[in-house]
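Report on one structure; see the data block that follows.
Numbering (the UniProt record's numbering), first residue to last: 1 to 224.
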C-alpha cells in the first residue's frame, strides 16, 4: 500500500514514517502544501495522511482540491485541533477520517486498514469484480488476472471460472456446474466439466488445495 504523508513537523513525520514502514507500508513524505499539491494531482496513492496546519496551503484546502479534481483517494486528517467544529469542517471538505494528535499508533494503523477494506469493497461493487486469493475477474472488461498478470481464457473457461469464483468456498455439484455454465439441455453424462476444470487448473496454476475436487460430488474454489 502506497501512502502519502503530508506533515511539516519532523518529529511526527519521523515517528509515523518509521511505524508505517515497520508495518509493511510504502511511505512518501511531503513537508509542505505546495509539494503535496503536485504529488496529489500527479501520482496515485492508496491512502493520504494529511496534516491540517501546513506552512503554506492548509490540509483542508488540499482535500477540497483533490475532491474537486474527482480524486477519491481516502484521506485521514491528522490534527492537533480537536474541537468538533474543526472535525466537521475537515470531514465536510472531503476527508474520510479525522485523528487528533497525539494519537496511539495502533489506532492509526486500524483506521488505515478500515479505510482500505472499505475502498476495496466499494471498488469491487462498482467494477463488478470478484476475487479469490491471487485471482481476480472483472466482468465489465471480461478480464482475468492472476497475480496482477492477465490470463487469456476461452469463453467457456471464463464462464466456468466466473461461476466458481461467484460461489467460492461452496461445494458445487458437477450437474449444477453443467447447468449453469453449459446450459440445462446439455448431456449430464458427459465429462466436459472435469475436462474444463483441468484446463483451468493448468492455465490458472490452481493446485488441488485451491480448486478442490470433492469426491463423489463436484468441485469447490477455495480461498486459502
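Every residue gets a Cβ at the ideal spot worked out from N, C-alpha and C, and that includes glycine.
Under the criterion of beta carbons closer than 8 Å, residue 27 and residue 3 qualify as touching, at roughly 5 Å. Taking C-alpha positions only, residue 90 is separated from residue 145 by approximately 38 Å. Check the Cα spacing between residue 192 and each of 85, 177, 220, 164: the tightest is with 177.
Where residue 59 is concerned, the enclosing alpha helix (DSSP H) starts and stops at 59-68. Straight-line spacing of the CA atoms in residue 209 and residue 195 works out to 18 Å.
By the criterion of a C-beta distance shorter than 7 Å, residue 24 is surrounded by no residue of its chain, once the five residues flanking it on both sides are discounted. Nearest to residue 134 by C-alpha distance, out of 8, 224, 10, 37, is 224. When DSSP reads this structure, residue 158 sits in no beta bridge, so it has no partner.
Distance check between residue 213 and each of 189, 203, 190, 173 places 173 closest, using alpha-carbon atoms only. If you ignore the 5 residues before and after residue 53, its C-beta comes within less than 6 Å of no other C-beta in its own chain. Assignment of beta-bridge partners to residue 222 by DSSP yields no partner.
The beta carbons of residue 82 and residue 63 sit no closer together than 7 Å. As computed with DSSP, residue 130 is found in a beta bridge with 137. Measuring C-alpha to C-alpha distances from residue 171 to each of 1, 216, 58 identifies 216 as the nearest. Annotation for residue 10: the continuous alpha helix (DSSP H) segment containing it runs 10-22. For residue 175, the enclosing alpha helix (DSSP H) covers residues 174-181. As computed with DSSP, residue 204 is found in no beta bridge at all.
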